Amino acid sequence: NAGVTQTPKFRVLKTGQSMTLLCAQDMNHEYMYWYRQDPGMGLRLIHYSVGEGTTAKGEVPDGYNVSRLKKQNFLLGLESAAPSQTSVYFCASSSPSGPTYNEQFFGPGTRLTVL
Amino acid sequence: GQSLEQPSEVTAVEGAIVQINCTYQTSGFYGLSWYQQHDGGAPTFLSYNALDGLEETGRFSSFLSRSDSYGYLLLQELQMKDSASYFCAGRDNYGQNFVFGPGTRLSVLP
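If you read the sequences in order, they're chains A and B. Note that the working numbering gives residue 119 to position 18 of the first sequence, counting from 1, and the numbers run on in steps of one. Note that the working numbering gives residue 559 to position 47 of the second sequence, counting from 1, and the numbers run on in steps of one.
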């Protein structure tokens, strides 16, 4: 099992450009999440999804959009990138039941720089 | 909403015991998790407390007191590889989301 994978691993954008970050999980998890982590800080929830076709806003959703067209994939979009969106983005997944119910599984992260 | 507080840094020597505290203010709460994150890496799950009391997993233990809005992570027999950031995370009452604390950077000295 690959667990949670993220594409790309690194990206540099210019202000105003757009991009999509892809998250994929092979654990058949219902829940998926996008977080951002700024230097020396904790994780802040951007958007999340509790099932295919559903999305909801987290703590810091402005400037981002998401889609969950397939259960295994969760996409994070930046329509017009700003320097304030320079951060490390982590995707995570979890299950609403079973032995790993209380655990979030994280991807390796995407390091995004907006110039 | 939820907000959690942790000390920013803790330093200890190899072989020692260290406790990392987490206090929280929340209007709805379902449990407390702990995650470890090495520099440049992703967070990895350590433990979860749904009920008051102590949960033990090898060298790591986690404690929760819901009446005191307080929990801690206890690391025993510290090793150099334990140098990392440790995050507590509160789970909302719907069981869907976690809110993360700011993290505690643990440095283990030889």
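Ideal Cβ positions, reconstructed from N, Cα and C, are used throughout, including at glycine. No experiment lies behind these values; they were computed from the predicted model shown.
I want to verify the contact list: residues of chain B whose CB lies under 8 Å from the CB of P209/A, in sequence order.
G553, A554
Our contact map puts M120/A next to R169/A with C-beta atoms below 8 Å; I'd like the distance itself, whole angstroms only.
M120/A to R169/A, Cβ: 18 Å. No contact.
Counting only beta-carbon atoms, is F572/B nearer than 8 Å to chain A?
no
Spatial neighbours of H589/B within its chain, please: C-beta separation below 7 Å, excluding the five flanking residues on both sides.
One detail in the question is off: residue 589/B reads as Glu in this sequence, not His. Only G527, R571 meet the Cβ criterion.
With a threshold of 8 Å between beta-carbons, can N533/B be considered close to chain A, or not?
no
Measuring only the C-alpha atoms, how far is L621/B from T156/A?
44 Å
Secondary structure at Q591/B, three-state DSSP: helix, strand or coil?
coil
Proximal residues, the segment 129-159 of chain A versus chain B, C-beta separation under 9 Å:
Y132, Y134, Y136, Q138, G141, M142, G143, L144, R145, L146, Y149, V151, A157, G159
Can a CB atom of chain B be found closer than 8 Å to the CB of F191/A?
Yes, its Cβ sits closer than 8 Å to a Cβ of chain B.
Looking at S545/B and N203/A, is the spacing between their C-beta atoms short of 8 Å?
yes
Decide if F207/A is buried, meaning its Cβ has at least 16 other Cβ atoms within 10 Å, or exposed.
By the Cβ-count criterion, F207/A is buried, with 16 or more other Cβ atoms from all chains shown falling within 10 Å of its own Cβ.
DSSP beta-bridge partners of D120/A:
Checking the sequence shown, residue 120/A turns out to be Met, not Asp. DSSP lists L179/A as partners of M120/A.
If you drop the 5 nearest sequence neighbours on each side, which residues of the same chain put their C-beta closer than 6 Å to that of G615/B?
S597, F599
Complete alpha helix (DSSP H) runs within the segment 140-213 of chain A (minimum length 4 residues, chain order)
none
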